[in-house]
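K.L.:
First residue of the sequence shown: 9, per the numbering used here; consecutive thereafter. All C-beta atoms, glycine included, are put in the ideal place defined by N, C-alpha and C. All of these numbers come straight from a predicted model, not from anything done at the bench.
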Amino acid sequence: MTVPHQDPAERRVVVTGPARHTLRASGYYRPRTEIDEQTTLGHTYVRSLMRSQLRAALAVFAVLTLLVGPLPLLFAAMPDAHRLEWAVLGFCLYAPLVLLARWYVRRAERNERDLIRLVEDR
């Protein structure tokens, strides 16, 4: 039995593991890789996003504190106004809380979009 002759150009090479050395093209910058590999620059990107999210959360907390904080003093000043308490808590606070939540979600999404735009545009 004879074995047919194989041309070296037709020979197949099977790679079973990941490449050990990858070369970066000069001038080619990939911030997404920086974030995935947790380099110093990637850490800076993530920290920037976290700070902007924290600023938005603290702004919502400050408005919420100013909105809800004085209510116990108001209710203590009027001890016989139980219906007013329920009206204030049930109706007057609902709309501002929903608007605050909506603003926070939009702000958080905008912060994330800004980071994505920064990472993908380079």
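How many Å lie between Arg59 and Arg19 at the Cα?
P.N.:
Within the sequence shown, residue 59 is the residue found at index 51, counting from 1. Within the sequence shown, residue 19 is the residue found at index 11, counting from 1. Roughly 55 Å between the two C-alpha positions.
K.L.:
Determine the DSSP secondary structure at Gln61, reduced to helix, strand or coil.
P.N.:
Here residue 61 refers to the residue found at position 53 of the sequence shown. Reduced to three states, the DSSP call for Gln61 is helix.
K.L.:
Give every residue of the same chain whose Cβ lies closer than 6 Å to the Cβ of Leu31, excluding the five residues on either side of it in the sequence, and list them in chain order.
P.N.:
Position 23 of the sequence shown, counted from the start, is the residue given in the question as residue 31. Because Leu31 carries a pLDDT of 49, less than 50, the predicted location of this residue cannot be relied on, and the following value inherits that uncertainty. Cβ neighbours of Leu31 beyond the five flanking positions: none.
K.L.:
So Arg20 is in the alpha helix (DSSP H); what residue range does that whole segment cover?
P.N.:
For the purposes of this step, residue 20 is taken as the residue at position 12 of the sequence shown. Arg20 -> no alpha helix (DSSP H), and no H or E assigned at all.
K.L.:
If you check the beta carbons only, do Gln61 and Ala116 fall under 8 Å apart?
P.N.:
Within the sequence shown, the letter at position 53 stands for residue 61. Within the sequence shown, the letter at position 108 stands for residue 116. Result yes, Cβ atoms of Gln61 and Ala116 sit closer than 8 Å.
K.L.:
Please classify Ser34 as buried or exposed, where buried requires at least 16 other C-beta atoms within 10 Å of its C-beta.
P.N.:
As a position in the sequence shown, residue 34 is number 26, starting the count at 1. Its pLDDT being 48, under 50, Ser34 is placed unreliably by the model, and the measurement read from it follows with that caveat. Ser34 should be labelled exposed.
K.L.:
Using a Cβ-Cβ cut-off of 6 Å (strictly less than) and excluding sequence neighbours within five positions of Leu66, which residues of its own chain qualify?
P.N.:
Here residue 66 refers to the residue found at position 58 of the sequence shown. Excluding positions up to five away in sequence, the list is empty.
K.L.:
Which two residues bound the contiguous alpha helix (DSSP H) that contains Phe83?
P.N.:
Numbered from its first residue, the sequence shown carries residue 83 at position 75. Residues 79-85.
K.L.:
What's the gap between the Cα of Leu126 and the Cα of Ile43?
P.N.:
Walking along the sequence shown from the start, residue 126 turns up at place 118. Walking along the sequence shown from the start, residue 43 turns up at place 35. When rounded, the distance between both Cα atoms is 12 Å.
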